[in-house]
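First to last, the sequence lines map onto chains P and A. According to this note's numbering, the first sequence is numbered sequentially starting from 161. According to this note's numbering, the second sequence is numbered sequentially starting from 584. Quick reminder that beta carbons are idealized off the backbone N, C-alpha and C, glycines included. Single-structure report; data block below.
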Amino acid sequence: MQIEVILNDKPVVLHAEMDEFLADTLRKHGMLSIRKGCNTSCCGLCTVWLDGKPTLSCNVLSIRANGRKITTIEGAAKEAEAFAEVLVAEGAEQCGFCSPGFIMTVIAMKHELVNPTEAEIIHYLTGNLCRCTGYMGQLRAVKTYLEANII
Amino acid sequence: MKIVGTGIGKIDGMSISTGKPVYTDDLVMPNTLVVKLLRSPHAFAKITVIDVTKAEKIPGVECVLTYKDVPNVRFTVAGQSYPEPSPYDRLILDQIVRYVGDEVAIIAAVDEKTAVKAMKLIKVEYEVFEPVLDFETAQGHASIVHPEDDLHCNFDIGTSKEKNIVSSQKVEFGDIEEELQKCDVVVEETYYTQAQAHCMMETYRAFNYLDHMGRLVVVSSTQIPFHVRRKLARALEMPASKIRVIKPRIGGGFGGKQTVVVEIFTAIVTLKTGKPAKLIYDREETFTCTNSRHAMRLTVRVGADTEGYIRAVDIQGLSDTGAYGEHASTVFMVVGQKTLPLYNKTKAVRFIGNVVYTNKMPGGAFRGYGATQGTFALEAAVNQLAEQLNMDPAELRLKNLIKQGETSLAYDGKLLGSSTLHRCIETGKELIGWDEKYPKVVNGRKVRAVGMAVTMQGSGIAGIDTASAEVRLNDDGNYTLLIGSTDMGTGSDTILTQMAAEILETTMDNIIVNAADTDVSPYDPGSYASSTTYVTGMAVVKAAEELKQKIVEHGAKLLEVLPEDIEFDGQVVSTLTGEKELSLAKLAELMVLGAGNLQLVGHGTYGSPVSPPPFIAGFAEVEVDTETGKIELIDYVAVVDCGTVVNPNLARIQVEGGIVQGIGLALYEDVRFGEKGQLQTNNFMQYKIPCRKDIGVVRVAFEESFEPTGPFGAKSLGEVVVNTPAPAIVHAVYNAVGVRINSLPITSEKVFMGMEKNK
Chain P
161 MQIEVILNDK PVVLHAEMDE FLADTLRKHG MLSIRKGCNT SCCGLCTVWL
211 DGKPTLSCNV LSIRANGRKI TTIEGAAKEA EAFAEVLVAE GAEQCGFCSP
261 GFIMTVIAMK HELVNPTEAE IIHYLTGNLC RCTGYMGQLR AVKTYLEANI
311 I
Chain A
584 MKIVGTGIGK IDGMSISTGK PVYTDDLVMP NTLVVKLLRS PHAFAKITVI
634 DVTKAEKIPG VECVLTYKDV PNVRFTVAGQ SYPEPSPYDR LILDQIVRYV
684 GDEVAIIAAV DEKTAVKAMK LIKVEYEVFE PVLDFETAQG HASIVHPEDD
734 LHCNFDIGTS KEKNIVSSQK VEFGDIEEEL QKCDVVVEET YYTQAQAHCM
784 METYRAFNYL DHMGRLVVVS STQIPFHVRR KLARALEMPA SKIRVIKPRI
834 GGGFGGKQTV VVEIFTAIVT LKTGKPAKLI YDREETFTCT NSRHAMRLTV
884 RVGADTEGYI RAVDIQGLSD TGAYGEHAST VFMVVGQKTL PLYNKTKAVR
934 FIGNVVYTNK MPGGAFRGYG ATQGTFALEA AVNQLAEQLN MDPAELRLKN
984 LIKQGETSLA YDGKLLGSST LHRCIETGKE LIGWDEKYPK VVNGRKVRAV
1034 GMAVTMQGSG IAGIDTASAE VRLNDDGNYT LLIGSTDMGT GSDTILTQMA
1084 AEILETTMDN IIVNAADTDV SPYDPGSYAS STTYVTGMAV VKAAEELKQK
1134 IVEHGAKLLE VLPEDIEFDG QVVSTLTGEK ELSLAKLAEL MVLGAGNLQL
1184 VGHGTYGSPV SPPPFIAGFA EVEVDTETGK IELIDYVAVV DCGTVVNPNL
1234 ARIQVEGGIV QGIGLALYED VRFGEKGQLQ TNNFMQYKIP CRKDIGVVRV
1284 AFEESFEPTG PFGAKSLGEV VVNTPAPAIV HAVYNAVGVR INSLPITSEK
1334 VFMGMEKNK
């Protein structure tokens, strides 16, 4: 079947099987930033924005995205790079495999929360697992990013 | 030093964090076959009938392979230097299946759906045997996991197949029983550690194809490209020269990818079909059909005199290697190797025990590699000893731990080259507030308490693992650094470049680093055994120094002066008097494409006769709810001696990440099997790794030492970081509520039941 979506601000037609999940459809379409880490909606790696809201794309049937606006990290490059620079300076990307999903959640949080407390930051990001960094460096990076009010 | 010691970001950081297509699955070419594996539903069985005719008829299926279709040569998938100390106990596919999830058939099709459809049509009948599921009753069990005659060991590791023993070990210095007799206080306890899962975010995966020469090119998320090549050559009965292994960016490894997990299956499909093939394990397969930390039972006896000198340490172990013997003997050996030297006022120490086969997923290499299990047991026992001696556990350690320049019974007369462990303990005490908080502070039903542990690891495998590096001066004055180590997110490509840049007095961006590709890279065993900073680092230092010397030598020739009359500042070769000079770019041009007629290359090979230990003192503060047993980790302090810190930012993250993985081992990561041997904790809903809310605050400090044998004084860091949380948190929980948990993980249920029992 075909679905029509606005992908990273451009109208596109995506081909997907009836039982296909959005993460797979997007990867087939060249959005290779999208990774799957769990298949059980636990890890946050596959996070994209659906109509601006962070969404686990491995858990959304592609047909459900029909007519909606999808943003991947490829479509949020400017903001993503601004935060990535802080993250990398802190050394807190390590293997980097979970970073795109994490960064999409961080930017969504910045859009959504005004001056979040540390507890609010941790709560917002807690669905994004990372096995490398131990989270502390990521928290430092997020705080630096929010304080600097980059972009 | 200008660059070594600087906390610069990783050279690949921006690409990997913003989702650029640089990992294995991102590089797969179009029209690549998808490989799926049919797996055994039984823990121990023999395939009596296997019929693939229906599966083969599905349109889009390219091949279906069973044990009848694959070479019959036993091999090991453990990523170790040849001759591997792991038994050759595997076939690509075997008629006997030895755990729930063991491979039964390989299916390759044009897409995943077709492959799965075909897989379901394979008809298999099994003769089911009684499995060996409890490692404590494996010895003498009626079932023998590996009855085959062609099981091969490269050398004696104490195998006794008929008893399900893969390795039997004993190391003793002094007379342990005699010394324990003389001790005034002896603690004896038995500890259990679980089969922790690595849970790297990128699961196991590889693809391969035949190149223009008909050679097999394997692109794999691996820590061990050269070992993969050698193992494929043996298993597939083809020359290693026909195989090329490329490691792209890796999404984490933690030792799991020090074992050849998927490559053999894709390789045989490509060899059979001539077509590219890929295999990606999902999370469930990664949990159930790969490898884990070896579960162990460790009984410790530690004895001291009335003055508080530890005189005897005895560890009796039993390790569960599961269905195959990957890393079985060496992980077990490290239990003793990285614990017995710590307390050097001892008069006798011993490590003894067996590693047994069972019908469960195999153990493998996992960050810490036995030291984690050993540290948990020994340090828990030492904390108990302190209590019985009425001593502060920090004082007991300061009194008994080995110091720089000293030796130890288990140290073979060698002297410890560097250590600031005593300082690490002092600093850690201050940071955690030990003197104010030890042992506990009661606040109504909630009790806060502190606990501690120390640990050591190694840096590379002494006398065995050897790495090479090359640095090349290119035509326009930049350099190429060629290495075979495998940055899996640690930042090793970055810190090795820092070392080369420091010596060549150049900038980071003037060095192109290439790693790892067996066609291109100089040999390196791969990144494991805490070896890359130390072993590969020394190879890089030697290579860069050799190249620098050649630049001076040939610069002198071109300037028509003697080498001793010139200097090189990284950009210009000039005479000491300043009369003549030649820029590096010009020198490079002349050498590579001009009259010099010699492209300058520096080579370095390094294998170390010693494996200098990094040390950590770890301190935990927990809060326990005395009504429910709920444990909250409040604060964790790790003070680290890794020699010189090459890159403080990356080092800090390595420590924080390792501590949190250790916290997972200590508090959350429970491994449960069903009664027929099926793993129940096979996804992130059942197997909980720490999330952001679970870890409290982790704080890291460095107490640098200078390791005389290391690059710029550096030692390793990657593994030692995972060892202290389990014993330190157990200690803190005991200090809080008087419940001693000897079996990991420390769940609230165990604490609650313990409190009930104490009432």
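Test item: CB-CB of residue i and residue j under 7 Å
i: Ser-598 of chain A; j: Val-605 of chain A; result: yes
i: Val-1096 of chain A; j: Asp-1076 of chain A; result: yes
i: Gly-1034 of chain A; j: Ser-1114 of chain A; result: no
i: Ala-1309 of chain A; j: Leu-1327 of chain A; result: yes
i: Arg-1275 of chain A; j: Ile-282 of chain P; result: yes
i: Val-749 of chain A; j: Val-918 of chain A; result: no
i: Val-1030 of chain A; j: Val-1238 of chain A; result: no
i: Val-896 of chain A; j: Val-885 of chain A; result: yes
i: Gly-834 of chain A; j: Cys-255 of chain P; result: yes
i: Asn-1230 of chain A; j: Gly-590 of chain A; result: yes
i: Ala-960 of chain A; j: Val-883 of chain A; result: yes
Reference residue i; option with closest CA among the options
i: Ile-826 of chain A; options: A:Leu-819, A:Val-845, A:Arg-812 and A:Asn-874; result: A:Arg-812
i: Pro-1108 of chain A; options: A:Ile-1047, A:Val-1037, A:Ile-689 and A:Ile-679; result: A:Ile-1047
i: Gly-988 of chain A; options: A:Asp-975, A:Leu-981, A:Lys-982 and A:Ser-1002; result: A:Ser-1002
i: Asn-226 of chain P; options: P:Met-178, P:Gln-254, P:Arg-300 and P:Val-266; result: P:Met-178
i: Arg-894 of chain A; options: A:Cys-1225, A:Asn-973, A:Asn-983 and A:Ser-1288; result: A:Asn-983
i: Tyr-1021 of chain A; options: A:Ser-623, A:Tyr-1317 and A:Val-687; result: A:Tyr-1317
i: Ile-1214 of chain A; options: A:Val-1205, A:Val-1222 and A:Val-1220; result: A:Val-1205
i: Ala-1297 of chain A; options: A:Tyr-1270, A:Ser-1194, A:Val-1144 and A:Ile-689; result: A:Ser-1194
i: Ala-1098 of chain A; options: A:Ala-850, A:Ile-594, A:Glu-713 and A:Pro-1197; result: A:Ile-594
i: Val-1185 of chain A; options: A:Ala-1126, A:Ile-591, A:Pro-1197 and A:Ala-1178; result: The sequence shown places Gly at residue 1185 of chain A, rather than the Val named in the question. Here the closest residue by C-alpha is A:Ala-1126.
i: Leu-1159 of chain A; options: A:Leu-1167, A:Glu-1147, A:Lys-1169 and A:Gly-1153; result: A:Glu-1147
i: Ser-912 of chain A; options: A:Pro-1294, A:Gln-752, A:Val-1155 and A:Glu-1162; result: A:Gln-752
i: Tyr-1270 of chain A; options: A:Ser-1288, A:Tyr-1251, A:Glu-1286 and A:Ile-1278; result: A:Tyr-1251
Chain A contact for residue i (CB, 7 Å cutoff)
i: Leu-210 of chain P; result: no
i: Ile-233 of chain P; result: yes
i: Cys-198 of chain P; result: yes
i: Ala-240 of chain P; result: yes
i: Met-296 of chain P; result: yes
i: Thr-185 of chain P; result: no
i: Ser-193 of chain P; result: yes
Any chain P beta carbon closer than 7 Å to residue i
i: Cys-766 of chain A; result: no
i: Phe-1285 of chain A; result: no
i: Leu-1233 of chain A; result: yes
i: Thr-1049 of chain A; result: no
i: Ile-1236 of chain A; result: yes
i: Val-1303 of chain A; result: no
i: Gly-834 of chain A; result: yes
i: Val-1228 of chain A; result: no
i: Ile-1360 of chain A; result: Lying before the first or after the last residue shown, residue 1360 of chain A is absent from chain A, which here runs from 584 to 1342.
i: Gly-1072 of chain A; result: yes
Complete runs of the alpha helix (DSSP H) confined to the stretch 636–670 of chain A [at least 4 residues] = Runs found: 636–639.
key: Unbroken stretches of the alpha helix (DSSP H), 4 residues or longer, contained in the stretch 1065–1129 of chain A   = Unbroken alpha helix (DSSP H) stretches of 4 residues or longer found wholly inside the stretch 1065–1129 of chain A: 1075–1087, given in chain order.
ask   = What residues from the stretch 252–266 of chain P come within 8 Å of chain A, judged by C-beta to C-beta, listed N to C?
value = Within the stretch 252–266 of chain P, those residues whose Cβ lies closer than 8 Å to any Cβ of chain A are, in chain order, Ala-252, Glu-253, Gln-254, Cys-255, Gly-256, Phe-257, Cys-258, Ser-259, Pro-260 and Ile-263.
message = Under 8 Å, CB to CB, which of the residues in the stretch 782–814 of chain A have a partner in chain P?
response = Cys-782, Met-783, Met-784, Glu-785 and Thr-786
request  = Tell me the start and end of each unbroken beta strand (DSSP E) in the stretch 184–212 of chain P that is at least 3 residues and wholly inside, in chain order.
outcome  = 207–210
message = At 3 residues or longer, what runs of the beta strand (DSSP E) sit wholly inside the stretch 807–832 of chain A?
response = Listed in chain order, the beta strand (DSSP E) runs fully inside the stretch 807–832 of chain A are 826–829, counting runs of at least 3 residues.
key: 4-residue-minimum alpha helix (DSSP H) runs that sit fully inside the stretch 926–982 of chain A, ordered along the chain   = 954–972
ask   = Of all the alpha helix (DSSP H) runs that stay within the bounds of the stretch 677–715 of chain A, which reach a length of 4 or more residues?
value = Counting only runs of 4+ residues, the alpha helix (DSSP H) found wholly inside the stretch 677–715 of chain A occupies 695–703, in chain order.
task = Please specify which runs of the beta strand (DSSP E), each continuous and at least 3 residues long, are wholly inside the stretch 719–747 of chain A, giving them in chain order.
result = none
request  = Any chance you could list the beta strand (DSSP E) runs of at least 3 consecutive residues sitting entirely within the stretch 1158–1186 of chain A, in chain order?
outcome  = 1164–1166
message = By the 7 Å beta-carbon criterion, what residues does the stretch 1260–1287 of chain A contribute toward chain P?
response = Asn-1266, Phe-1267, Met-1268, Ile-1272, Cys-1274, Arg-1275, Lys-1276, Ile-1278 and Val-1281
task = Could you list the residues in the stretch 738–762 of chain A with a C-beta less than 9 Å from some C-beta on chain P, going in chain order?
result = Sequence-ordered contacts of the stretch 738–762 of chain A with chain P are nonexistent [C-beta pairs closer than 9 Å].
Chain-ordered residues of the stretch 271–284 of chain P with a beta carbon less than 7 Å from chain A = Ile-282
ask   = Just by C-beta distance, which residues in the stretch 587–609 of chain A are closer than 9 Å to chain P?
value = Gly-590, Ile-591, Gly-592, Lys-593, Asp-595, Gly-596, Met-597, Ser-598, Ile-599, Ser-600, Thr-601, Gly-602, Lys-603, Pro-604, Val-605, Tyr-606, Asp-608 and Asp-609
message = Please give the ranges of any alpha helix (DSSP H) in the stretch 1252–1340 of chain A, keeping only runs that are unbroken, at least 4 residues long and fully inside the region.
response = 1308–1320
query = Listed in chain order, which residues of the stretch 846–865 of chain A have Cβ atoms closer than 8 Å to some Cβ of chain P?
reply = Asp-865
request  = Please list the segments of the beta strand (DSSP E) lying wholly inside the stretch 883–925 of chain A, counting only runs of 3 or more residues, in order along the chain.
outcome  = 893–905
request  = Output the residue ranges of the beta strand (DSSP E) runs that lie fully inside the stretch 1189–1244 of chain A and measure 3 residues or longer, sorted by chain position.
outcome  = 1198–1208 and 1214–1224
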